[in-house]
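Colleague: Below is one structure. I have some questions about it.
Residue numbers (our numbering), protein chains in the order written: chain A, 1194 to 1543; chain B, 254 to 603.
Below, the structure written as structure tokens:
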């Protein structure tokens, strides 16, 4: 046998077993991790101390250590909470209402869709889809160019479509399956949001809903649905069908199965997805810029507004960002313990 | 309740899984559906449960035609191979779930859960979660959940196959006792012939979606309806020897067996059980063979012989010893030998 000698170099670079790191690798990995930690945490630290600085101290140059480099002051906090007062609290409340409502609505609706895509096999005939699009085009044409009233044209188109599906539909062979539907849903998110900003604005203008919570909630629900469907589908697919069949035999309806068996078992997925959607809705800027002007203005608007004619007012921005981070950190801490694995242990097999 | 399957068929696309299955199961009977995996037995069971739609035929439970009735209205209880326990509920919640869905008052529910748990000796584990239980305990939770209400039929899909050998035998005994005490009609699916023989009032043997024979265990063993059943039941299985019947004697190259009574003539198969044959000196024997291998199992010796290049198994005394390739004679009880048609494989009666 030819067992190589354990030299110092080998000791440093060869792991003892498959589940541990070699000493040298360990040093390297932890060095990189600590460096990255600094990169991530430093902006937060900067933000925090800047919120306690006077404008002169911010412009004065790089001071980082409170009480030594500079004397902390509550002036920015005072301005945001007392001088701005309601102008801070209103956007804050708006953000909370909009983000949390949109998250709940989005996760609920998206979960329904994801569950359906996992459990029900759809076969949507391509011919029927084309027929629908043609009839839709014709309806738009007759209403806009020929002046036909919508309340007459739309029902006629719907009836024609139903007849078409009943009479011709079964002769089509090509059909779209669940994967195609999922791709279609995700593809909605591929589009850059800026493309849809104007149509969305016009739509809410027509409905008279500009600058309302409802408009923002509806928009955020819609744009984040693809993400929920995409993520939740995998979580639902991991739940054994046996459990649902068993519940069905025990006498549960489909909705009952969904709410008492499927959702509780997908809790880790629900928590992770909700958190992601909450963050996306909480930080959204572009659409809010168009849809909300005053009453429904959200926090990202307010933060951006601090960069006004007098130049960027870092101290006010810092205070706003610190209080803006707080609810998300809190929610993440609350949801964190639900994002645990191993919930399905004991469901099947011995 | 009486369960009737009348000419039931099931196909998945082009693939016919169950072909014209007709079974009449009496009230309180324990019928075992036995067959290899993929023979359609589980599909047949799932059709009775309502988890699978029926392609043709009728299913009746009691006096009701349930062919197109949803599972929750059939009042059947099912034990899954995987147990299908709800992992996010305690044992008590699991057992009580079917009653909770029926809106049973809390006090009544608790009493029923306790009673069901006592029947399977789980009363001390009611507050545990499935993940904290052993395989055998999980199995008993699944049983208790099925027994907590009074179903018209118990459906069991290989309920013991995930247990280790010792526990399986113990649970088999328990199951037989419980079924007899409760007197509920039971359909039990298994691929394990010992389970089938020991549990069943009647065994239904299936192969490739076709019902081969329905009969009490003893009759299945002694009077197999065709070659498939003969080869499937018994360990070691029935010996099948090909030959021809001439002048009331079944003749092979190396010997002949006299057949009592009016025997048909032509090319046939002769079947006999390993225990219905004895080894004898070559010169006095009906059939001449040579020893291929011997296996001492403790209480007996399984002797595999070569007769006409076909393997034939004979049970011999545990002290039997012989070296390989020695010539040996086989005598058998002609009254216990069975004849099968060489083309259809069906039993030929004498």
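Glycine included, every Cβ here is placed at the ideal spot set by N, Cα and C.
So, helix, strand or coil for residue 1365 of chain A, using DSSP?
Modeller: Reading the first chain from its first residue, position 172 is the one you call residue 1365 of chain A. Note: residue 1365 of chain A maps to coil in three-state DSSP.
Colleague: Excluding the 5 residues flanking residue 476 of chain B on each side, which residues of the same chain have their C-beta closer than 8 Å to its C-beta?
Modeller: Numbered from its first residue, the second chain carries residue 476 of chain B at position 223. The residues are 468, 591, 600.
Colleague: Quick one: does residue 1441 of chain A have its CB under 8 Å from some CB of chain B?
Modeller: Mapped onto the first chain, residue 1441 of chain A falls at position 248. So yes, residue 1441 of chain A belongs to the interface.
Colleague: Can you tell me whether DSSP reads residue 1275 of chain A as helix, strand or coil?
Modeller: As a first step, residue 1275 of chain A is located in the first chain; it is residue number 82 there, counting from the start. Looking at residue 1275 of chain A - three-state DSSP - the assignment turns out to be helix.
Colleague: List the residues of chain B that residue 1504 of chain A touches, going by C-beta distances under 7 Å, in chain order.
Modeller: Counting from one through the first chain, the residue named residue 1504 of chain A turns up at place 311. Simply none; closest approach about 55 Å.
Colleague: So is residue 1422 of chain A buried or exposed if we call it buried at 16+ other beta carbons inside 10 Å?
Modeller: Residue mapping note: residue 1422 of chain A aligns to position 229 of the first chain, counting from 1. Label assigned to residue 1422 of chain A: buried.
Colleague: Could you have a look at residue 392 of chain B and say whether DSSP puts it in helix, strand or coil?
Modeller: Within the second chain, numbered from 1, the residue matching residue 392 of chain B stands at position 139. Residue 392 of chain B: helix per DSSP, three-state reduction.
Colleague: Assuming residue 1430 of chain A and residue 1532 of chain A are in contact, meaning their beta carbons sit under 8 Å apart, how far apart are those beta carbons, in whole angstroms?
Modeller: Along the first chain, read from residue 1 onward, the residue named residue 1430 of chain A stands at position 237. Along the first chain, read from residue 1 onward, the residue named residue 1532 of chain A stands at position 339. Wrong, their Cβ atoms sit about 18 Å apart, outside the cutoff.
Colleague: Ordered along the chain, which non-local residues of its own chain (more than five positions away) have a Cβ less than 7 Å from that of residue 529 of chain B?
Modeller: Here residue 529 of chain B refers to the residue found at position 276 of the second chain. Taken in chain order, the residues that qualify are 585, 586, 589.
Colleague: Answer yes or no: does any C-beta atom of chain A fall closer than 8 Å to that of residue 380 of chain B?
Modeller: One-based indexing of the second chain puts residue 380 of chain B at position 127. Closer than 8 Å: no.
Colleague: Within the same chain, show all residues whose beta-carbon is closer than 8 Å to that of residue 1479 of chain A, passing over the 5 residues directly before and after it, in chain order.
Modeller: Locating residue 1479 of chain A in the first chain gives position 286, counting from the first residue. 1386, 1387, 1390, listed in sequence order.
Colleague: List, in chain order, every chain B residue whose beta-carbon is nearer than 7 Å to that of residue 1444 of chain A.
Modeller: Against the first chain, residue 1444 of chain A aligns to sequence position 251. Within chain B, the residues near residue 1444 of chain A are 325, 351, 354, 355.
Colleague: Beta-carbon within less than 6 Å of residue 490 of chain B's beta-carbon, same chain only, minus the 5 sequence neighbours each way: which residues are those?
Modeller: Within the second chain, residue 490 of chain B is the residue found at index 237, counting from 1. Hits under 6 Å: 484.
Colleague: Answer yes or no: does any C-beta atom of chain A fall closer than 8 Å to that of residue 545 of chain B?
Modeller: Stepping through the second chain from its first residue, residue 545 of chain B is reached at position 292. No, residue 545 of chain B does not count as interfacial toward chain A.
Colleague: With a threshold of 16 other CB atoms inside 10 Å of the CB of residue 1288 of chain A, please say whether the residue is buried or exposed.
Modeller: The sequence position of residue 1288 of chain A within the first chain is 95, counting from 1. Buried, since its Cβ has 16 or more Cβ neighbours within 10 Å.
Colleague: I need the straight-line Cα distance from residue 338 of chain B to residue 347 of chain B, nearest angstrom please.
Modeller: On the second chain, position 85 is the one that residue 338 of chain B refers to. On the second chain, position 94 is the one that residue 347 of chain B refers to. Straight-line Cα distance between these residues: approximately 7 Å.
Colleague: Answer yes or no: does any C-beta atom of chain A fall closer than 8 Å to that of residue 358 of chain B?
Modeller: Stepping through the second chain from its first residue, residue 358 of chain B is reached at position 105. So no, residue 358 of chain B is outside the interface.
Colleague: If you follow the beta strand (DSSP E) that residue 262 of chain B is part of, which residue opens it and which one closes it?
Modeller: Residue numbering aside, residue 262 of chain B sits at position 9 when the second chain is read from its first letter. Residue 262 of chain B -> beta strand (DSSP E) spans 256-265.
Colleague: Would the segment 270-281 of chain B count as touching the segment 441-450 of chain B if we require 3 or more Cβ pairs under 8 Å?
Modeller: No, they do not touch.
Colleague: With a threshold of 8 Å between beta-carbons, can residue 1438 of chain A be considered close to chain B, or not?
Modeller: Locating residue 1438 of chain A in the first chain gives position 245, where the first residue counts as 1. Yes, contact with chain B.
Colleague: According to DSSP, is residue 277 of chain B helix, strand or coil?
Modeller: Position 24 of the second chain, counted from the first residue, corresponds to residue 277 of chain B. In this structure, residue 277 of chain B counts as strand in the three-state DSSP scheme.
Colleague: Closest by CA to residue 381 of chain B, which one among B/349, B/568, B/344, B/565?
Modeller: The count along the second chain starts at 1 and reaches residue 381 of chain B at position 128. Per the Cα distances, B/344.
Colleague: Taking the C-alpha atoms as reference points, what is the distance between residue 1384 of chain A and residue 1285 of chain A?
Modeller: Mapped onto the first chain, residue 1384 of chain A falls at position 191. Mapped onto the first chain, residue 1285 of chain A falls at position 92. The straight-line gap from Cα to Cα measures roughly 29 Å.
Colleague: Is residue 565 of chain B closer than 8 Å to residue 533 of chain B when the C-beta atoms are compared?
Modeller: Walking along the second chain from the start, residue 533 of chain B turns up at place 280. Walking along the second chain from the start, residue 565 of chain B turns up at place 312. It is not a contact, given that the beta carbons lie outside the stated cut-off.
Colleague: Evaluate contact between the segment 1518-1532 of chain A and the segment 1466-1475 of chain A, counting only Cβ atoms and requiring at least three cross-stretch pairs below 8 Å.
Modeller: Cβ pair count under 8 Å is three or more, so yes.
Colleague: In the DSSP assignment, what are the bridge partners of residue 312 of chain B?
Modeller: Residue numbering aside, residue 312 of chain B sits at position 59 when the second chain is read from its first letter. DSSP, once it has assigned bridges, lists B/258 as partnering residue 312 of chain B.
Colleague: Note down, in chain order, all residues in the segment 1455-1469 of chain A with a beta-carbon under 9 Å from any beta-carbon belonging to chain B.
Modeller: Listed in sequence order: 1457, 1458, 1460.
Colleague: Figure out for me which residue from A/1269, A/1245, A/1496, A/1239 has the closest Cα to the Cα of residue 1255 of chain A.
Modeller: Along the first chain, read from residue 1 onward, the residue named residue 1255 of chain A stands at position 62. If we check each option's Cα against that of residue 1255 of chain A, A/1239 comes out closest.
Colleague: Return the residue from the list A/1375, A/1481, A/1446 that minimises the CA-CA distance to residue 1406 of chain A.
Modeller: By one-based count along the first chain, residue 1406 of chain A stands at place 213. For residue 1406 of chain A, the nearest C-alpha among the options comes from A/1481.
Colleague: Can you list the beta strand (DSSP E) stretches of 3 or more residues lying completely in the segment 505-585 of chain B, in chain order?
Modeller: Complete beta strand (DSSP E) runs here, min 3: 508-511, 519-525, 530-533, 540-549, 554-560, 563-569, 580-585.
Colleague: Could you tell me which chain A residues have their CB closer than 7 Å to the CB of residue 333 of chain B, listed as they occur along the chain?
Modeller: Sequence index remark: in the second chain, residue 333 of chain B carries index 80 (1-based). Going along chain A in sequence order, the residues near residue 333 of chain B (Cβ under 7 Å) are 1435, 1439.
Colleague: Around the C-beta of residue 471 of chain B, are 16 or more other C-beta atoms found within 10 angstroms, so that it is buried, or is it exposed?
Modeller: Position 218 of the second chain, counted from the start, is the residue given in the question as residue 471 of chain B. Answer is exposed; the Cβ neighbour count stays below 16.
Colleague: Who pairs with residue 287 of chain B in a beta bridge, going by DSSP?
Modeller: Within the second chain, numbered from 1, the residue matching residue 287 of chain B stands at position 34. Paired residues: B/443, B/458.
Colleague: Strictly below 7 Å CB to CB, what residues from chain A border residue 329 of chain B?
Modeller: Indexing the second chain from 1 puts residue 329 of chain B at position 76. Neighbours of residue 329 of chain B on chain A, chain order: 1442.
Colleague: In angstroms with no decimal places, state the Cα-to-Cα distance between residue 1543 of chain A and residue 333 of chain B.
Modeller: Along the first chain, one-based indexing puts residue 1543 of chain A at 350. Along the second chain, one-based indexing puts residue 333 of chain B at 80. With a pLDDT of 43 at residue 1543 of chain A, under the threshold of 50, the modelled position of this residue cannot be trusted; read the value that follows with caution. Residue 1543 of chain A and residue 333 of chain B: Cα-Cα distance of roughly 12 Å.
Colleague: Return no unless some Cβ of chain A is closer than 8 Å to the Cβ of residue 412 of chain B.
Modeller: In the second chain, counting from the first residue as 1, residue 412 of chain B sits at position 159. Answer no: the Cβ-Cβ gap between residue 412 of chain B and chain A never drops below 8 Å.
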